[in-house]
Structures are given as C-alpha cells and as structure tokens.
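Since the structure comes first, as structure tokens, the remarks are kept for the end.
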Amino acid sequence: MSDGLFEVCGSTEISVALTASKLGYTRLHGHDITVTACYCGPPLDTEKIVTALEEALGAVRRGSLEEALGESGAIAEDLLRWLSRRLPERIENSVICLLEARWGRLPRIVRLRLRQ
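So for the sequence shown, full-length UniProt numbering puts the first residue at 1; every next one is plus one.
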C-alpha cells in the first residue's frame, strides 16, 4: 500500500501598493495579501516553506507591486507567476505544486496550479 503524496502548505502575509489597472482601477491603493505555497510529496516541515516564501517575497513586501515585478498594472496573477520563478522547485523530496494569493478583506482568491 502506498503512503500517498501530501500537499503541505505554508503562508505569509504581505502588504503591497498597486493600481490594478488590468482590473479597471486607476488609483494607487494598498492591500494585504496572504500568499500560500504548497509542495507535493512526502511530509515536510511547513517552516521550510514559510522561510522560502518570506525570502522570495522580500522584494515586494511593503512596496509597490508594479515596481517590484516590473509590470504596469500588476495584479495577483502576475505576483504568482513572478513568485513561481523565485521559489525553489523542490524542498527536500517535495515539489512545488500550487501557489495562492488571498486578498485581505476581499472575496478574491487566485490560484496557480503548477503540477497536478
């Protein structure tokens, strides 16, 4: 019998400034975003995921999302694509499989599936 694969996730919160012009907004405003990374594989310490997330997100924390990503009108989808290139593909024997951005008080959740 197989032990199966686990989807182990860790999260951290960032505060960013953005215009979100891709969604029709024009004014600079701020959001708190909870960013989650999930790694699929054998059991894994979530602290290792959180450490990798915090290191990768250092450039965007408490700053302009557009400036950090180098993209005008950047939104959560852009953040997740950017983050997918900065997080390690593997932590121990687990492989990154999902990224999620959850906007503070808004009912907006964006997920980027990297593997099935």
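Using N, Cα and C, we set each Cβ at its ideal position, and we do this for glycine too.
Residue of the options minimising C-alpha distance to residue i
i	options	result
V16	P43, G10, Y39, R61	R61
L83	S94, R105, A52, P107	A52
A56	L114, V8, R86, L99	R86
L114	G24, R81, A101	R81
L44	R105, V8, I109, V110	V8
L28	C38, E67, F6, V50	E67
W103	S21, G10, V35	V35
A37	L79, L106, R108, R105	L79
Residue i - partner residues in DSSP beta bridges
i	result
L18	H29
G10	A37
A101	V35, V110
is_contact[residue i, chain D] using C-beta, thresh 7 Å
i	result
G58	Any reference to chain D falls outside this structure, which holds one protein chain only.
Same chain, Cβ closer than 7 Å to residue i, five either side skipped, listed in chain order
i	result
G58	none
K48	I91
E89	V95, I96
Contacting residues, own chain, Cβ-Cβ under 6 Å from residue i (five flanking each side not counted)
i	result
S64	A17
Limits of the unbroken beta strand (DSSP E) element including residue i
i	result
E84	Note that residue 84 corresponds to Ser in the displayed sequence, not to Glu. Looking at the DSSP string, S84 is not in any beta strand (DSSP E); the run it does join, the alpha helix (DSSP H), is 76-84.
Chain-order list of residues whose beta-carbon lies under 8 Å from that of residue i (same chain, five-residue window excluded)
i	result
Y25	T19
Anticipated Cβ contact below 8 Å, residue i with residue j, distance rounded
i	j	result
A76	I33	7 Å
Residue span of the alpha helix (DSSP H) that contains residue i, given as start and end
i	result
A68	65-69
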